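Here my numbering runs 334 ahead of the position in the sequence shown, where the first position is 1.
Everything on this sheet refers to the single structure shown next.
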Amino acid sequence: GEGTAPAPCPLPSLPRVLSIAGSDSGGGAGIQADIKSLLSRGVFAMTAVTALTAQNTHGVAAVLPTPPDMLVQQIDAVLGDLGADAVKTGMLPSPEAVAAVAGRLAHWQGLAAPLPLVVDPVLVSTSGHSLA
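Here is the structure:
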(Lines of atoms letter the chains of each structure in order from A and count residues from 1; the text may use other names and numbers.)
(Lines give C-alpha, C1' and ligand atoms only; values in the text may rest on other atoms or scores of the structure.)
Protein backbone atom coordinates (compact mmCIF):
# COMPACT_ATOMS: atom_id res chain seq x y z
CA GLY A 1 0.00 0.00 0.00
CA GLU A 2 0.80 3.63 0.04
CA GLY A 3 3.57 4.66 2.43
CA THR A 4 5.07 1.20 2.77
CA ALA A 5 8.66 0.54 1.79
CA PRO A 6 9.34 -2.11 -0.83
CA ALA A 7 10.51 -5.43 0.49
CA PRO A 8 14.29 -5.66 0.58
CA CYS A 9 15.90 -7.68 -2.18
CA PRO A 10 16.91 -11.05 -0.74
CA LEU A 11 20.64 -11.63 -0.73
CA PRO A 12 21.78 -14.29 -3.15
CA SER A 13 22.54 -17.67 -1.57
CA LEU A 14 25.36 -18.25 -4.04
CA PRO A 15 28.94 -17.16 -3.38
CA ARG A 16 29.30 -13.50 -4.42
CA VAL A 17 32.16 -12.06 -6.48
CA LEU A 18 32.58 -8.42 -7.45
CA SER A 19 34.40 -8.04 -10.77
CA ILE A 20 36.01 -4.63 -11.26
CA ALA A 21 37.02 -4.46 -14.91
CA GLY A 22 36.42 -2.96 -18.32
CA SER A 23 33.50 -3.75 -20.58
CA ASP A 24 34.24 -5.60 -23.84
CA SER A 25 31.54 -4.79 -26.38
CA GLY A 26 32.56 -7.92 -28.32
CA GLY A 27 31.79 -10.09 -25.30
CA GLY A 28 35.03 -12.06 -25.32
CA ALA A 29 36.88 -10.42 -22.42
CA GLY A 30 36.46 -8.07 -19.50
CA ILE A 31 33.30 -7.86 -17.44
CA GLN A 32 31.35 -9.95 -19.97
CA ALA A 33 33.83 -12.83 -19.79
CA ASP A 34 33.98 -12.58 -15.99
CA ILE A 35 30.19 -12.81 -15.70
CA LYS A 36 30.09 -15.86 -17.98
CA SER A 37 32.91 -17.58 -16.07
CA LEU A 38 31.43 -16.83 -12.65
CA LEU A 39 27.93 -17.96 -13.59
CA SER A 40 29.28 -21.19 -15.09
CA ARG A 41 30.85 -21.96 -11.69
CA GLY A 42 27.66 -21.23 -9.72
CA VAL A 43 28.82 -17.83 -8.47
CA PHE A 44 26.69 -14.67 -8.25
CA ALA A 45 28.48 -12.03 -10.35
CA MET A 46 28.42 -8.32 -9.49
CA THR A 47 30.27 -5.62 -11.40
CA ALA A 48 31.95 -2.24 -11.30
CA VAL A 49 32.81 -1.13 -14.84
CA THR A 50 36.17 0.65 -15.13
CA ALA A 51 35.88 1.56 -18.83
CA LEU A 52 33.70 1.17 -21.88
CA THR A 53 35.39 -0.16 -24.97
CA ALA A 54 34.37 -0.35 -28.61
CA GLN A 55 35.95 -3.60 -29.71
CA ASN A 56 35.40 -6.75 -31.67
CA THR A 57 37.47 -9.69 -32.89
CA HIS A 58 39.53 -7.34 -35.10
CA GLY A 59 40.62 -4.94 -32.40
CA VAL A 60 39.83 -2.07 -30.07
CA ALA A 61 38.46 1.08 -31.72
CA ALA A 62 38.05 3.20 -28.57
CA VAL A 63 38.33 3.18 -24.77
CA LEU A 64 36.33 5.49 -22.49
CA PRO A 65 37.50 5.27 -18.86
CA THR A 66 34.92 5.51 -16.08
CA PRO A 67 35.51 8.61 -13.93
CA PRO A 68 37.10 7.55 -10.61
CA ASP A 69 34.23 9.01 -8.53
CA MET A 70 31.73 6.86 -10.47
CA LEU A 71 33.95 3.82 -10.00
CA VAL A 72 33.94 4.45 -6.23
CA GLN A 73 30.14 4.81 -6.28
CA GLN A 74 29.74 1.47 -8.08
CA ILE A 75 31.99 -0.34 -5.59
CA ASP A 76 30.24 1.25 -2.60
CA ALA A 77 26.78 0.48 -4.02
CA VAL A 78 27.60 -3.21 -4.36
CA LEU A 79 29.67 -3.79 -1.23
CA GLY A 80 27.44 -1.58 0.92
CA ASP A 81 24.34 -3.59 0.05
CA LEU A 82 25.14 -7.05 -1.30
CA GLY A 83 28.63 -7.51 0.11
CA ALA A 84 31.05 -9.93 -1.53
CA ASP A 85 32.93 -13.10 -0.78
CA ALA A 86 35.77 -12.11 -3.12
CA VAL A 87 36.81 -9.37 -5.52
CA LYS A 88 38.52 -9.70 -8.91
CA THR A 89 40.10 -6.82 -10.76
CA GLY A 90 40.88 -6.65 -14.46
CA MET A 91 41.48 -3.60 -16.61
CA LEU A 92 42.24 -0.54 -14.50
CA PRO A 93 42.79 2.10 -17.20
CA SER A 94 44.66 4.79 -15.26
CA PRO A 95 46.63 5.47 -12.09
CA GLU A 96 43.53 7.32 -10.80
CA ALA A 97 41.40 4.19 -11.32
CA VAL A 98 43.98 2.07 -9.49
CA ALA A 99 44.01 4.55 -6.58
CA ALA A 100 40.20 4.69 -6.44
CA VAL A 101 39.83 0.90 -6.40
CA ALA A 102 42.66 0.38 -3.91
CA GLY A 103 41.23 3.03 -1.59
CA ARG A 104 37.71 1.63 -1.60
CA LEU A 105 38.83 -1.97 -1.17
CA ALA A 106 41.05 -0.90 1.76
CA HIS A 107 38.01 0.86 3.26
CA TRP A 108 35.78 -2.20 2.93
CA GLN A 109 38.55 -4.55 4.14
CA GLY A 110 38.59 -2.58 7.38
CA LEU A 111 34.86 -3.05 7.95
CA ALA A 112 34.44 -6.80 7.53
CA ALA A 113 36.21 -10.12 7.41
CA PRO A 114 39.17 -10.32 5.03
CA LEU A 115 38.04 -10.03 1.42
CA PRO A 116 40.04 -12.25 -0.96
CA LEU A 117 41.34 -10.33 -3.97
CA VAL A 118 42.31 -11.70 -7.39
CA VAL A 119 44.33 -9.21 -9.44
CA ASP A 120 44.43 -9.76 -13.21
CA PRO A 121 46.39 -6.77 -14.55
CA VAL A 122 45.03 -6.17 -18.05
CA LEU A 123 47.04 -3.52 -19.89
CA VAL A 124 46.91 -4.65 -23.53
CA SER A 125 44.09 -6.31 -25.52
CA THR A 126 44.61 -9.60 -27.32
CA SER A 127 44.80 -7.59 -30.57
CA GLY A 128 47.66 -5.51 -29.13
CA HIS A 129 45.77 -2.28 -28.31
CA SER A 130 46.91 -0.47 -25.16
CA LEU A 131 44.08 -0.34 -22.60
CA ALA A 132 45.88 1.65 -19.91
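For every residue, glycine included, the Cβ atom is placed at its ideal position computed from N, Cα and C.
Remember, predicted model here, so these are calculated numbers, not experimental data.
Following the DSSP letters along the chain, one finds Gly356 inside the beta strand (DSSP E) bounded by residues Arg350 to Asp358.
Comparing C-alpha distances from Val421 to each of Gly376, Asp454 and Leu352 shows the shortest one belongs to Leu352. In this structure, Asp368 sits away from Gln389, with a CB-CB distance that is not shorter than 8 Å.
Residue environment analysis places Gly424 among the buried positions, since at least 16 neighbouring C-beta atoms fall within 10 angstroms of its C-beta.
Straight-line measurement puts the Cα of Ala436 at about 13 Å from the Cα of Asp410. The C-alpha of Thr391 is placed about 7 Å away from the C-alpha of Gly360.
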